[in-house]
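Peer 1:
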Amino acid sequence: MESKLRILAVNWQDPKNPFAGGAEVHLWENLKRFAADGHKVTLVCSQFDGASEQDSYDGVRVIRKGGRFYFNFVAPGLIRKELSRNTYDVIVEDINKIPFYTPIYTDLPILAVIPHLFATTVFREINFVLGTYIYLAEQPIRYFFRKYPYCVISESTKNDLVKRGMPADNITVVECGIDHSFYCLDAAVQKYSKPTALYLGRIKKYKGVQHILTAWPGVLADVPNAKLQIVGDGDYLPALKKLASDLKVADSVEFPGFVGGESKIERMRRAHCVIYPSLKEGWGLTNIEANACGTLAIAADSPGLRDSVSDGVSGALFPYGNKQKLVAAVLRVFKDSDYRERLQRGAVEWASRYDWDTSAGRMLSLLQSVIRKGRPK
50 MESKLRILAV
60 NWQDPKNPFA
70 GGAEVHLWEN
80 LKRFAADGHK
90 VTLVCSQFDG
100 ASEQDSYDGV
110 RVIRKGGRFY
120 FNFVAPGLIR
130 KELSRNTYDV
140 IVEDINKIPF
150 YTPIYTDLPI
160 LAVIPHLFAT
170 TVFREINFVL
180 GTYIYLAEQP
190 IRYFFRKYPY
200 CVISESTKND
210 LVKRGMPADN
220 ITVVECGIDH
230 SFYCLDAAVQ
240 KYSKPTALYL
250 GRIKKYKGVQ
260 HILTAWPGVL
270 ADVPNAKLQI
280 VGDGDYLPAL
290 KKLASDLKVA
300 DSVEFPGFVG
310 GESKIERMRR
320 AHCVIYPSLK
330 EGWGLTNIEA
340 NACGTLAIAA
350 DSPGLRDSVS
360 DGVSGALFPY
370 GNKQKLVAAV
380 LRVFKDSDYR
390 ERLQRGAVEW
400 ASRYDWDTSA
410 GRMLSLLQSV
420 IRKGRPK
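For the sequence shown, the positions run 50 to 426 when this note's numbering is used.
1) Check Y388 in the structure and name its three-state DSSP category.
2) Note down, one range per segment and in chain order, each beta strand (DSSP E) of at least 3 residues found wholly within the segment 308 to 359.
3) Quick test of the definition: if touching needs 3 or more C-beta pairs under 8 angstroms, does the segment 100 to 118 touch the segment 65 to 82?
4) Alpha carbon to alpha carbon, how far is N121 from S133? Give it in angstroms, no decimals.
5) Examine the Cβ distances between the segment 298 to 311 and the segment 266 to 276 and report whether three or more of them are shorter than 8 angstroms.
6) Mind reading off the beta-carbon distance from Y248 to I324? Whole number of angstroms is fine, and I expect it under 8 angstroms.
7) For D385, count neighbouring Cβ atoms within 10 angstroms of its own Cβ and tell me buried if that reaches 16, exposed if not.
8) With three or more C-beta pairs closer than 8 angstroms as the rule, is the segment 340 to 353 touching the segment 224 to 240?
9) Can you name, in chain order, every residue of its own chain whose Cβ lies under 7 angstroms from the Cβ of K374, other than the five neighbours on each side?
10) According to DSSP, is G306 part of a helix, a strand, or is it coil?
11) Since T245 is in the beta strand (DSSP E), which residue starts that stretch and which ends it?
12) Quick one, which of W332, G364, L277 has its alpha-carbon nearest S242's?
13) Use the C-beta contact count for G71: other C-beta atoms within 10 angstroms, 16 or more gives buried, fewer gives exposed.
14) For D218, which three-state DSSP category applies?
15) Quick one: give me the first and last residue of the alpha helix (DSSP H) that A365 is part of.
16) Between which two residues does the beta strand (DSSP E) holding Q278 run?
17) Would you tell me roughly how many angstroms separate the C-alpha atoms of Q259 and L292, rounded to the nearest one?
18) Shorter than 7 angstroms, the distance from the beta carbon of L416 to the closest heavy atom of the ligand PLP, or not?
19) Check the C-beta distance from W405 over to I227 and give it rounded, since I have them as a contact under 8 angstroms.
20) Among A348, H165, D295, whose alpha-carbon lies nearest the alpha-carbon of A246?
21) Along the chain, where does the alpha helix (DSSP H) that runs through R134 open and close?
22) With burial defined as no fewer than 16 other Cβ atoms inside 10 Å of the residue's Cβ, what is the status of V280: buried or exposed?
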């Protein structure tokens, strides 16, 4: 009988944090499955308004300290304190934005989990000063973590790390999963009566949602009754609403804000396509979630998104930022029912390959291997 592991994970946020995104979902879905399997799991992360310093849910103990803008300065002391009080076998460092550089202050085996690195894309999202800070903080990864094992969520992220000088043999790809009991096809649910495209996710500038809006007049010129739903919250939302007004397409665009639960699933099932136009992602989980609901994905041919969309099978890829190609991709879906239905069938089959239990099993095996091998010399 294999002994149970004692795992200390560190991430910027836990899923209860209102700023949590895909990186937090990915790590948590794995951690809670480790805990359900009897392993001892603790997560240290930043605090947020209304949150307690000590928490426990899904079987995972959570320790929160420090704000989201300076947690990297708090984390070393917090981790040292926890290691002095409790015994652990391995540390899981989720490198998302700014690393914590755990190899400096612990002798334990370490697994670096990387959804994706921002590199220069960070300058598209935030001001130059903060962007420079994050960009420079990423650069020493190649020196501090070069010998350590990595778990990444796509081949795109692996290729990015190899280009930065990380040995390919140290990098294991474990794709994200989804909850198939929640994201699933319902044959009784019909598509919207009007051709409808859906964006669902955080509203950030680098997500490229503005490209959907600038393409939308071209879609309406051919399909005047088309509808666009931009679902989500974020600091770029006011700019998108203004752009929709300036382009005179506001009457065909809905901005419902954040939508979750059954309402989210209904929109995913009823849309004719989801659109994910981002410059760079770790994976593109929304694509797989929509696929499982019977909806094809149109996505930019960008790192991460090209991994989560099988072009011509579960959806279609277009060159990032190419308005004409995006218009053509959407129009084909709206006007060619045979093509659309073929991709819908392919989308469901494609999504069936990805589930969290499989992902967690693979990551757990990787952790066991990391512990057996110990710290790199």
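Idealized CB from N, CA, C, for every residue including glycine.
Peer 2: From the atom records:
1) DSSP places Y388 in helix when its eight states are reduced to three.
2) If we require 3 residues or more, the beta strand (DSSP E) runs fully inside the segment 308 to 359 come out as 322 to 325, 345 to 349.
3) Flag = yes, the segment 100 to 118 and the segment 65 to 82 touch.
4) For S133 and N121, the distance between alpha carbons rounds to 19 angstroms.
5) Judged by Cβ distances under 8 angstroms, the segment 298 to 311 makes contact with the segment 266 to 276, as three or more pairs qualify.
6) That pair is a contact at about 5 angstroms.
7) D385 is exposed by the Cβ-count criterion.
8) Yes: the two stretches touch, three or more of their Cβ pairs being nearer than 8 angstroms.
9) Around K374: F367, P368.
10) In the displayed model, G306 falls within a strand according to three-state DSSP.
11) Taken as a continuous stretch (DSSP letters only), the beta strand (DSSP E) holding T245 covers 245 to 249.
12) The candidate whose alpha carbon is nearest that of S242 is L277.
13) Around the beta carbon of G71, 16 or more other beta carbons lie within 10 angstroms, which makes this residue buried.
14) Three-state DSSP puts D218 in a helix.
15) Counting along the chain, A365 falls outside any alpha helix (DSSP H), though it belongs to the beta strand (DSSP E) covering 364 to 367.
16) Segment 276 to 280, the beta strand (DSSP E) holding Q278.
17) If I take the Cα positions, the gap works out to 8 angstroms.
18) This structure does not include the ligand PLP; it has no bound ligands of any sort.
19) Approximately 7 angstroms separates the beta-carbon atoms of W405 and I227; this is inside 8 angstroms, confirming the contact.
20) The shortest C-alpha separation from A246 is found at A348.
21) Start and end: 120 to 134.
22) Result: buried.
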